[in-house]
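Working notes for the structure below.
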Amino acid sequence: MQDPRTVAGPSGVTMRWMVLVVAYILVGLFVIGVFDLLVSLGDLLMSGQFVDPFFVVGLIDTVLTLLIIVEIHRLLLAYIRQDPVIQIVINVGIIAIAREIISFRVGDYGGTSEALFGAAALAVLLLVLVLAFFVLYNTKGSDDIALPNWGETPFRDDVPDRSMGESPTATARSQPDGGERPEPGDTDGQSSHESGDDGADASGDTPTEQ
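Residues are numbered in our numbering as their position in the sequence shown, beginning at 1, plus a constant of 4.
See below:
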């Protein structure tokens with residue numbers, strides 16, 4: 005019977021390729037959104053309506069929508085690389101809630117009580133996300149939170165772990181003959197010993213005069 009992890013490996017790789025396709029689609033949407041933002045800004049400047057708060061809020065809403073697209077694109081790339089995604093999810097939530105708060109209008113609700121309930125819900129959501137944001141940044145080991153490894157990842161370069169010190173290959177290169185390196189003091193002592201032996205041999209070979 006085959007290992008389930010081996011069977012599930014190709015499906016994980018296929019899913020990451022599909023997520024990569026969605027990421028490129030978001031890039032296209034972002035380009036279209038930037039073009040629409042420039043056109044809207046030009047229309048506001050030409051018509052003189054850039055001082056109208058209603059149109060300014062609409063422009064800010066478009067900018068926040070583009071920021072949400074950027075954060076979702078980062079989220080998809082982090083999913084592909086199997087990097088931590090909690091921080092990006094919180095960023096997307098904060099931007100989305102801020103967009104809803106900026107574009108909040110009482111007329112969009114059926115009554116005052118519904119508008120107050122909606123405003124309170126947005127305030128609570130924003131408070132929770134901001135607290136989660138600060139807790140994530142102030143908690144040690146938050147970078148260890150990542151997605152599970154489903155199959156081999158073709159998008160991530162394998163970096164050798166050098167935390168265990170010098171590799172055996174580097175050690176073998178530093179010592180080609182495989183022997184121990186002589187200490188500097190041993191080399192000097194060996195040279196002086198050889199010089200003394202040469203001097204003794206020379207004194208023994210020289211005949212003494214009577």
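Quick reminder that beta carbons are idealized off the backbone N, C-alpha and C, glycines included. These numbers were taken from a predicted model, which means no experiment stands behind them.
Outcome for residue i when other beta-carbon atoms lying within 10 angstroms are tallied against a minimum of 16
i	result
ARG20	buried
GLY46	exposed
GLY97	buried
LEU133	buried
ILE36	exposed
Sequence-distant residues of the same chain with beta carbon closer than 7 Å to residue i, five excluded per side
i	result
ARG78	ILE92
ALA100	ILE72
ALA176	Low confidence applies to ALA176: its pLDDT is 46, below 50, so where it sits in the model is not reliable enough to give any reading.
THR10	none
Boundaries of the alpha helix (DSSP H) in which residue i is found, first to last residue
i	result
VAL55	Per DSSP, VAL55 belongs to no alpha helix (DSSP H) and is neither H nor E.
ILE122	Looking at the sequence shown, residue 122 is not Ile but Gly. Where GLY122 is concerned, the enclosing alpha helix (DSSP H) stretches over 116 to 142.
Supposed close pair residue i, residue j - CB separation, criterion 8 Å
i	j	result
GLY84	VAL25	Correcting the residue identity first, residue 84 is Ile in this sequence and not Gly. That pair is no contact at about 11 Å.
THR66	SER44	7 Å
PHE54	LEU48	4 Å
ALA27	LEU81	6 Å
PHE34	VAL74	7 Å
ILE76	ALA136	Not really, about 18 Å apart at Cβ, beyond 8 Å.
Contact set for residue i: own chain, Cβ-Cβ below 6 Å, skip 5 residues either direction
i	result
VAL110	ALA119
GLY114	none
PHE138	none
Neighbourhood of residue i by C-beta distance below 8 Å, restricted to the same chain and skipping five residues each side
i	result
LEU4	An answer regarding residue 4 cannot be provided, because it is not within the stretch 5 to 214 covered by the chain.
ILE29	none
LEU126	ILE101, GLU104, ILE105, PHE108
ALA124	none
LEU41	LEU63, THR66, VAL67, LEU70
Cutoff 7 Å: residue i Cβ touching any chain D Cβ
i	result
VAL93	Among the protein chains of the structure shown there is no chain D, as only one such chain exists.
Entirely within the stretch 62 to 111 and at least 4 residues each: give me those alpha helix (DSSP H) ranges in chain order.
-> List check, alpha helix (DSSP H) in window: 90 to 106.
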